[in-house]
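Residue numbers (our numbering), protein chains in the order written: chain H, 1256 to 1394; chain R, 1459 to 1619.
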């Protein structure tokens, strides 16, 4: 019984991050507004970062900034620095993709005069129908 | 909240607040460098970019009825799979997890000797992973070029029409 409880509390942070990630995924899939989709993508991304950082965390550890210069101080526990390094890179790449996505949204709004997915799809289908009709008339 | 709100301004502000809270969570999990990158980039730059996009496009979301069942099923399926994946993982904060057993402690020992920087994360980022950081700046440059190319055509098109 005790080991079960231990297991659940030990894994609860992971599950919370996964639920957060799923809420981001749900926004991306179910909302039509493109700006909301980007917000959902950001939530998704940040929760993946949290998950990654949580793997490097050690109980009773501190930030990986050396307290005494000779390092090997056995009394101090440092958390794993490698996930931090990877996520620093990922955050910067994430903002780059976000910026590109937002620029695409501005361009889409310029062409279609809307940022709603449904309207864009409808306009595309209408265009396709018109194009097909024209081809049939010509041949 | 982001699901039901119609005003995009509120959605974007909430997303900024979420970034700030997540930065605090990073501090709690000992990742101070990640925390202030997230606070500067996630809560700062990203919010500003989204506000600018909102100002250039629309402020209020249109009322649309989208089917909710299929996304819900897909999301639940993904969630079950991911949680199934975590069952084999070591407990949160465990000392003997595979992630702690290998390279992390090695870098903690050698970084100060090699670089003379007490901040291990900075040391790794700038030296051992220096080429990767260079590649990252290339990614940012490419994204910046893409944004410029996408947005530079805007005014010309309007004038033509």
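Glycine included, every Cβ here is placed at the ideal spot set by N, Cα and C.
Query, Result
"With DSSP as the reference, identify every bridge partner of residue 1401 of chain R, one or two as the case may be.", "Any question about residue 1401 of chain R goes unanswered here, given that chain R covers just 1459 to 1619."
"Look at the alpha carbon of residue 1539 of chain R and the alpha carbon of residue 1529 of chain R, and state the distance between them as a whole number of angstroms.", "15 Å"
"Helix, strand or coil for residue 1317 of chain H, going by three-state DSSP, please let me know.", "strand"
"Do residue 1342 of chain H and residue 1304 of chain H have their C-beta atoms within less than 7 Å of each other?", "yes"
"Under three-state DSSP, which class holds residue 1390 of chain H?", "helix"
"How would you list, in chain order, the residues of chain R whose beta-carbon sits under 9 Å from the beta-carbon of residue 1352 of chain H?", "1597, 1601"
"Do the region 1258–1274 of chain H and the region 1282–1299 of chain H make contact, defined as three or more Cβ pairs closer than 8 Å?", "no"
"Report yes if the CB atom of residue 1544 of chain R is closer than 7 Å to the CB atom of residue 1360 of chain H, and no otherwise.", "no"
"How many angstroms separate the CA atom of residue 1295 of chain H from the CA atom of residue 1332 of chain H?", "36 Å"
"By how many angstroms is the C-alpha of residue 1591 of chain R removed from the C-alpha of residue 1584 of chain R?", "7 Å"
"What is the DSSP secondary structure of residue 1335 of chain H, counted as helix, strand or coil?", "coil"
"When the Cβ atoms of the region 1465–1479 of chain R are set against those of the region 1552–1563 of chain R, are three or more pairs found closer than 8 Å?", "no"
"Which chain H residues sit within Cβ distance under 9 Å of residue 1508 of chain R?", "1290, 1293, 1294, 1297, 1353, 1357"
"Find the residues of chain H that neighbour residue 1592 of chain R, judging by a C-beta separation of less than 9 Å, and give them in chain order.", "The contacting residues do not exist; residue 1592 of chain R stays about 11 Å from chain H at best."
"Would you kindly work out how many angstroms separate the C-alpha atoms of residue 1575 of chain R and residue 1322 of chain H, rounded to a whole number?", "11 Å"
"The alpha helix (DSSP H) spanning residue 1544 of chain R covers which residue range?", "1527–1544"
"For residue 1384 of chain H and chain R, any beta-carbon pair shorter than 7 Å?", "no"
"For the alpha helix (DSSP H) containing residue 1593 of chain R, list its first residue and its last residue.", "1588–1610"
"Can you confirm whether residue 1348 of chain H, when its beta carbon is compared against all beta carbons of chain R, has any partner nearer than 7 Å?", "yes"
"Are the CB atoms of residue 1518 of chain R and residue 1346 of chain H within a distance shorter than 7 Å?", "no"
"Measuring only the C-alpha atoms, how far is residue 1572 of chain R from residue 1488 of chain R?", "23 Å"
"Out of curiosity, what's the CA-to-CA distance linking residue 1376 of chain H and residue 1314 of chain H?", "51 Å"
"Would residue 1501 of chain R and residue 1355 of chain H be called neighbours here (beta carbons separated by less than 7 Å)?", "no"
"In this structure, what does DSSP give as the bridge partners for residue 1288 of chain H?", "H:1371"
"Taking the alpha-carbon of residue 1497 of chain R as reference, which of R:1473, R:1611, R:1577 has the nearest alpha-carbon?", "R:1473"
"Got a sec? Which residues, its chain only, sit under 8 Å from residue 1334 of chain H by beta carbon, not counting five neighbours each side?", "1311, 1312, 1313, 1316, 1317, 1318, 1319"
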